[in-house]
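These notes concern the structure reproduced below.
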Amino acid sequence: MKRKIMAALIMAALVVSAASCGGNNQPAATTTTAATEAATTTTAAETTAETTTTTEAATEAPETEASEEETEAAEEGDLTPMSFEEFNAAELDSFVVVETYVQAKQGWWEDNGVGQASFYTQTDDHGAYFLYNMPCSQEEYESLVPGTKIKVAGYKAEWSGETEITEATFEIEEGSFIAEAEDVTALLGTDELEAHKNEFVAFKGMTIAPIANADGAESAFLYNWDGSGEDGSDLYFKVTKDDQEFTFTVESYLCGPGTDVYEAVKALNVGDVVDLEGFLYWYNGANPHITSVSAAE
Numbered sequence: 007m008k009r010k011i012m013a014a015l016i017m018a019a020l021v022v023s024a025a026s027c028g029g030n031n032q033p034a035a036t037t038t039t040a041a042t043e044a045a046t047t048t049t050a051a052e053t054t055a056e057t058t059t060t061t062e063a064a065t066e067a068p069e070t071e072a073s074e075e076e077t078e079a080a081e082e083g084d085l086t087p088m089s090f091e092e093f094n095a096a097e098l099d100s101f102v103v104v105e106t107y108v109q110a111k112q113g114w115w116e117d118n119g120v121g122q123a124s125f126y127t128q129t130d131d132h133g134a135y136f137l138y139n140m141p142c143s144q145e146e147y148e149s150l151v152p153g154t155k156i157k158v159a160g161y162k163a164e165w166s167g168e169t170e171i172t173e174a175t176f177e178i179e180e181g182s183f184i185a186e187a188e189d190v191t192a193l194l195g196t197d198e199l200e201a202h203k204n205e206f207v208a209f210k211g212m213t214i215a216p217i218a219n220a221d222g223a224e225s226a227f228l229y230n231w232d233g234s235g236e237d238g239s240d241l242y243f244k245v246t247k248d249d250q251e252f253t254f255t256v257e258s259y260l261c262g263p264g265t266d267v268y269e270a271v272k273a274l275n276v277g278d279v280v281d282l283e284g285f286l287y288w289y290n291g292a293n294p295h296i297t298s299v300s301a302a303e
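Reading the sequence shown from the start, the letters are residues 7 to 303 in the working numbering.
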């Protein structure tokens with residue numbers, strides 16, 4: 007699994023400030039008349055009464071202590087889910103909240119005793135999110151089957167062009183949705199393809215091209231991008247369409263040895279024409295994580 011550089015977290019601090027002002031009026035003359043003294047005495051009495059009343063009210067006002075959940079929400083931001091358009095417009099490293107549906111997941115693992123996994127998720131309006139190393143117990147991981155609706159709160163991040171949600175927490179909600187693959191074949195090699203980042207997509211009529219390892223030897227696929235791996239490593243293969251060449255990947259943590267797609271790619275020959283499905287992961291450009299390979303229709 008590629009190690010990713012986590013974006014620095016920026017937490018908004020709540021600052022409460024209180025300001026007060028007051029002044030003293032100097033007497034207009036040094037001689038004080040009886041009327042003036044009476045007015046002064048009345049004013050002083052009123053002031054004392056107002057001060058006493060204000061002080062008593064402040065003393066008697068009950069103190070309220072925010073709950074831990076309210077405090078965390080205030081520190082992190084609004085917990086109302088945002089639209090996919092709002093997510094796209096959000097600044098990197100900002101706090102984000104989305105509702106989405108699990109479509110696929112990479113393998114669960116532990117880091118210093120903390121279980122975690124990465125998830126490919128999507129909404130029913132084509133919004134898609136990659137949840138990178140989201141903490142979850144193994145029991146929670148097992149419950150997050152494709153179609154599960156979840157509310158996710160975390161931080162928007164980017165790594166080598168891939169948009170992610172990191173440091174995420176989640177809660178399961180009512181609802182279910184499985185996305186159908188969107189045919190984006192015509193968008194290969196165009197700027198429009200990036201708008202479908204992380205979506206479940208399809209590529210039709212792709213021709214397998216030779217791919218060379220670090221020594222220049224060519225084959226239909228490689229273990230790792232340079233051929234340095236072995237069975238169980240990521241699979242890399244090249245395809246062509248309309249005289250354009252693209253590199254696709256079978257991510258072993260998503261579809262490892264023994265899965266249909268892993269074994270199908272190992273059986274490919276240069277010149278085969280295939281239809282492909284997978285998630286439009288991004289790594290310095292389009293790097294689809296393929297989940298299905300079949301002979302072109």
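For every residue, glycine included, the Cβ atom is placed at its ideal position computed from N, Cα and C.
| field | Extent of the continuous beta strand (DSSP E) to which TYR161 belongs | value | 154-165
| How would you label ASP240, buried or exposed, when you count the other beta carbons within 10 angstroms and need 16 or more for buried? | buried
| message | Tell me which residues share the same chain as SER133 and place their Cβ nearer than 6 Å to its Cβ, disregarding the 5 neighbours each side in the sequence. | response | Reading the sequence as shown, one finds Gly at residue 133 and not Ser. Within the same chain, GLY133 has close Cβ partners PHE90.
| message | For GLY181 and THR175, what's the separation of their Cα atoms in angstroms? | response | 18 Å
| task | Return the bridge partner residues of SER300 from the DSSP annotation. | result | ASP281
| Exposed or buried, ALA34, counting other C-beta atoms within 10 Å across all chains shown (16 or more means buried)? | In this prediction, ALA34 scores a pLDDT of 33, lower than 50, which makes its location untrustworthy; no coordinate-derived value is stated.
| request: Would you check if there are 3 or more beta carbon pairs closer than 8 Å linking the stretch 269-289 to the stretch 235-255? | output: yes
| message | For a test of the three-state rule: what should DSSP assign to HIS202, helix, strand or coil? | response | helix
| said: Give me the DSSP bridge partner(s) of SER239. | reply: ASP237
| query | Measuring CB to CB, does GLN112 end up less than 8 Å from TYR259? | reply | yes
| request: Please report the Cβ distance between SER143 and GLY121, rounded to the nearest whole angstrom; I am assuming they are in contact, meaning their Cβ atoms lie under 8 Å. | output: 5 Å
| task | Since I believe PHE285 is in contact with ALA110 (beta carbons under 8 Å), could you give me their beta-carbon distance rounded to a whole number of angstroms? | result | 7 Å
| query | Looking only at its own chain, which residues have a Cβ that is under 8 Å from the Cβ of ALA302, when we skip the five neighbours before and after it? | reply | LYS210, GLY211, MET212, VAL279, VAL280, ASP281
| Tell me, which residues are paired with TRP114 by DSSP? | DSSP output for TRP114 lists no bridge partner at all.
| query | What's the gap between the Cα of ILE296 and the Cα of GLU257? | reply | 7 Å
| field | Enclosing beta strand (DSSP E) for GLU251 [first to last residue] | value | 250-256
| In DSSP terms, what ILE171 is bridged to | LEU137, LYS162
| task | Please classify ASP99: does DSSP put it in a helix, a strand, or coil? | result | coil
| query | Mind checking whether VAL267 and PHE227 have CB atoms under 8 Å apart? | reply | no
| Applying the criterion that 16 or more other CB atoms from any shown protein chain within 10 Å of the CB defines a buried residue, is PHE85 buried or exposed? | Inspection of the sequence shows that residue 85 is occupied by Leu rather than by Phe. Exposed, because fewer than 16 other Cβ atoms sit within 10 Å of the Cβ of LEU85.
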